[in-house]
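Chemist: Encoded as structure tokens, here's the structure I'll be asking about.
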Amino acid sequence: MADNLIFYTHPQSRGRIVRWMLEEVGHPYKTEILQFGTSIKSPDYLAFNPMGKVPTIIHDGTVVTEAAAICAYLADVFPEAGLAPPHGDRRRGPYYRWMFFAAGPVEAALSNKAFGFEVPTERRSVIGYGSVEDVVNALEYAVTQSEYIAGDRFSAADVYVGSQIGWGMMFGTLEKRRAFEAYWKRISSRPAAIRAREIDDALVAAQQQASQ
């Protein structure tokens, strides 16, 4: 039933990450499109997401926000999709390691770079990501150790890490290293990734047409 999994999003947001994850999972879901500055800040939405941001999911009454957390949650509650290493499997280490590295240091470093903020050299030791160069080098290491982030099988970590890499290269906050391009090409051609992009691109086109 789609009603037991509700997805709040906007097609031009980080909700695109979760859309991809939902398409990989394959469980029916209901989509609620919110608008920036209006419904996304409504009292009804703020009641379960005080940040007033997307994405958010509600699954059987459980509210989950933050794209990385949603990806991890969905992988665990729908184990039949095979999007997370089993509990007790050693591959769960790199799976968590790189997913949350992307959610923490990568997100912070590339966001700061986009806004022209650079941590002074003498202060790098007190900020979580150190320097953009350190983060990018570590990210390159992550995508070159095996075919996928957690080994030889695609997982939810690839959805999240891959999205950060794809967006970073698209918007110019992440340099187009050969390793990043090869990894992104490998995962972005998955049928679920293509379906997700088509759904959100169609929503963007419909919104643009409606505003004309």
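Just so we're aligned: 163 in full-length UniProt numbering is position 163 of the sequence shown, and the numbers increase by one with no gaps anywhere.
Glycine is no exception: its CB is placed at the ideal position from the N, C-alpha and C atoms.
Where does the unbroken alpha helix (DSSP H) through residue 185 begin, and where does it stop?
Modeler: 178 to 188
Chemist: Going by beta-carbon coordinates alone, are residue 148 and residue 154 separated by less than 8 Å?
Modeler: yes
Chemist: Please name the residue in 15, 170 and 138 whose C-alpha comes closest to that of residue 71.
Modeler: In terms of Cα proximity to residue 71, the closest of 15, 170 and 138 is 15.
Chemist: Considering only residues of the same chain and omitting the five flanking positions on each side of residue 130, which have a CB-CB separation below 7 Å?
Modeler: 124
Chemist: Count the other CB atoms within 10 Å of the CB of residue 42; is the residue buried (16 or more) or exposed (fewer)?
Modeler: exposed
Chemist: Based on Cα-Cα distance, which residue from 37, 35 and 20 lies nearest to residue 29?
Modeler: 20
Chemist: Would you decide whether residue 196 is buried or exposed? Buried here means 16 or more other CB atoms lie within 10 Å of its CB.
Modeler: buried
Chemist: Tell me whether residue 165 sits in a helix, a strand or coil according to DSSP, three-state version.
Modeler: helix
Chemist: If we ignore side chains and look at the alpha-carbon of each, how far apart do residue 76 and residue 84 end up?
Modeler: Approximately 7 Å between the Cα atoms of the pair.
Chemist: Quick one: Cα of residue 177 to Cα of residue 3, how far?
Modeler: 42 Å
Chemist: Any chance you could list the beta strand (DSSP E) runs of at least 3 consecutive residues sitting entirely within the UniProt domain "GST N-terminal" (2 to 82), in chain order?
Modeler: 5 to 9, 30 to 33, 56 to 59 and 62 to 65
Chemist: Mapping the DSSP letters down to three states, classify residue 141 as helix, strand or coil.
Modeler: helix
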